[in-house]
Amino acid sequence: MKLVILQQEKLREIPRNNFSLDFLNSYSFVMSGLFMNYFWVAAAFSVLLTPALSSPLLAQEPIRCAPCTPERQLECPAVAPECEEVLREPGCGCCLACALKKGDFCGIYTAHCGSGLRCTPRPGDTRPLHSLTRGQAVCVEISEAQRSQATPSADQSELEAETRNGAATPDQVPIYLSGNNKPFDPKAVADAQESMKAKFNAIRKKLVEPGPCHIELQRALEKIAKSQQKPGDKLTKFYLPNCDKHGFYKAKQCESSLDGQRGRCWCVSSWNGKRILGSSDLTGDSECQQELTH
12 MKLVILQQEK LREIPRNNFS LDFLNSYSFV MSGLFMNYFW VAAAFSVLLT PALSSPLLAQ
72 EPIRCAPCTP ERQLECPAVA PECEEVLREP GCGCCLACAL KKGDFCGIYT AHCGSGLRCT
132 PRPGDTRPLH SLTRGQAVCV EISEAQRSQA TPSADQSELE AETRNGAATP DQVPIYLSGN
192 NKPFDPKAVA DAQESMKAKF NAIRKKLVEP GPCHIELQRA LEKIAKSQQK PGDKLTKFYL
252 PNCDKHGFYK AKQCESSLDG QRGRCWCVSS WNGKRILGSS DLTGDSECQQ ELTH
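In terms of this note's numbering, the sequence shown has 168 at position 157, counting the first letter as 1, and numbering is strictly consecutive.
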C-alpha cells in the first residue's frame with residue numbers, strides 16, 4: 012500500500028521509509044509479535060485481520076492527504092546543514108527533517124529512521140505500542156528488527172507453556188501409566204482422551220474467536236477503505252480500537268493522526284469500549300486509572 016500525497020494538484024508517492032509505511036511496519040511488527048498465536052491478527056491496513064487483508068479495497072486504495080500548499084511549505088523550518096539524510100516529516104506533513112540514526116529514539120510522531128533502519132520497540136518491551144506512540148522505540152537495522160520479530164514473545168511462550176502443561180492434541184495423550192509401563196484401563200484411556208480433546212478445543216476456540224474489540228477493529232478498517240473510494244476525501248484522523256490479547260479493549264484509546272500531531276486519547280470500559288462516564292480527554296502521557304490499578 013502506498014501513502015499518496017496530493018501536492019500542487021499532482022499525486023506523488025512518498026518513499027517507503029516515510030510515515031505511513033513506518034507506522035504500518037512497526038504496527039505489524041508489534042501486533043504479529045504479541046498476538047499471532049492468539050488470533051489471525053497481522054497489522055493495520057496491510058496485515059491486520061485476515062478479512063481486511065483479503066479486501067481489494069485495502070490492497071489497492073491509497074490514503075490521501077491534504078495538499079501541500081505553498082503557504083504551508085513557507086512555514087517549514089530550515090533543515091540543519093549537517094544532516095546526513097533528509098526525509099519528509101511524519102504523516103501528511105509538508106516539511107523536511109533530518110533522518111534519525113541507528114540507536115536514536117523514534118516513534119510514530121518523530122522524524123523517520125534513516126535508510127536501512129526501522130523504528131522498532133526494544134526487545135522485551137512490555138508496552139510496544141505505547142513506546143511507538145511516545146517516541147520510546149529505537150532505530151535499528153532492518154535485519155535486526157526482523158530477528159527481533161522472530162523471537163517468541165511472552166504471550167507466545169505462555170501459550171506454548173500452556174500447551175505443554177496439558178493442552179496436547181488427543182493423539183498425543185500417553186496410553187501408559189507413568190513409571191510402571193502398565194496400560195490404562197480402556198475406559199480410562201477414553202476418558203483421558205475426551206478430557207484432553209475438550210481442553211484442546213477450548214484453547215483452539217480461544218485462538219480463533221475474535222473479541223468485541225477485534226470485531227470493531229475489522230469494521231473500522233473496512234470503513235476507512237470505503238471512505239478512500241470517495242473522490243476528494245482526505246483522511247487526516249481516524250480511530251482504530253486498541254485491543255488486548257483476549258480481544259477486549261485496552262483502557263486507553265487514542266485517535267490516530269496523519270498530520271504529524273498526536274490524536275486525542277480517552278478512557279473506556281474494557282468490556283464494551285464505551286467511554287467512561289464523566290471522564291475527560293487524557294493529556295500528555297497520562298494513563299487511565301483502570302490500567303494503573305491492574
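Heads up, the beta-carbon is just placed ideally off N, CA and C, and yes, glycines get one too.
Residue i versus residue j: straight-line alpha-carbon distance, rounded
i      : j      : result
Thr144 : Thr131 : 11 angstroms
Cys278 : Asp292 : 8 angstroms
Lys285 : Glu205 : 40 angstroms
Pro88  : Lys256 : 42 angstroms
Cys276 : Ser290 : 11 angstroms
Leu232 : Cys265 : 15 angstroms
Val149 : Met207 : 43 angstroms
Tyr260 : Arg273 : 20 angstroms
Arg133 : Ser238 : 35 angstroms
Arg230 : Pro252 : 10 angstroms
Tyr250 : Lys234 : 10 angstroms
Arg83  : Cys105 : 7 angstroms
Cys76  : Ala209 : 51 angstroms
Ser154 : Ile287 : 42 angstroms
Glu100 : Cys79  : 12 angstroms
Ser297 : Asp202 : 52 angstroms
Ser280 : Cys254 : 12 angstroms
Arg129 : Pro81  : 31 angstroms
Trp282 : Glu95  : 48 angstroms
Ile226 : Ala236 : 16 angstroms
Ser142 : Glu152 : 18 angstroms
Asp115 : Arg138 : 18 angstroms
Pro92  : Ile119 : 24 angstroms
Leu68  : Asp136 : With a pLDDT of 40 at Leu68, under the threshold of 50, the predicted position of this residue should be treated as unreliable, and no value is reported.
Gly9   : Leu140 : With the chain covering 12 to 305 only, the question about residue 9 has no answer from this structure.
Leu228 : Gly222 : 10 angstroms
Glu220 : His123 : 36 angstroms
Enclosing alpha helix (DSSP H) for residue i [first to last residue]
i      : result
Arg230 : Pro223 to Ser238
Leu140 : Pro139 to Thr144
Start-to-end residues for the beta strand (DSSP E) that takes in residue i
i      : result
Thr80  : Element bounds for Thr80: n/a, residue is neither H nor E.
Leu293 : Neither: Leu293 is in no beta strand (DSSP E) and is coded neither H nor E.
Arg98  : For the sequence presented, residue 98 should be read as Leu rather than Arg. Residues Val97 to Arg99.
Phe249 : Lys248 to Tyr250
Cys109 : Leu107 to Cys109
Bridge partners - residue i, DSSP secondary structure assignment
i      : result
Gln264 : Trp277
Arg129 : Val151
Ala89  : According to DSSP, Ala89 bridges with nothing at all.
Tyr120 : BP columns for Tyr120 are empty, so no partner.
Cys254 : Tyr260
Beta carbon of residue i nearer than 8 angstroms to that of residue j
i      : j      : result
Ser268 : Thr247 : yes
Thr121 : Gly146 : yes
Distance between beta carbons of residue j and residue i, contact taken as under 8 angstroms
i      : j      : result
Cys224 : Ala262 : At roughly 12 angstroms, the Cβ-Cβ gap does not stay under 8 angstroms, so Cys224 and Ala262 are not in contact.
Leu98  : Leu85  : No, Leu98 and Leu85 are not in contact; Cβ-Cβ is about 20 angstroms, not under 8 angstroms.
Val90  : Cys117 : The Cβ separation is near 18 angstroms, so there is no contact.
Gly125 : Lys112 : 6 angstroms
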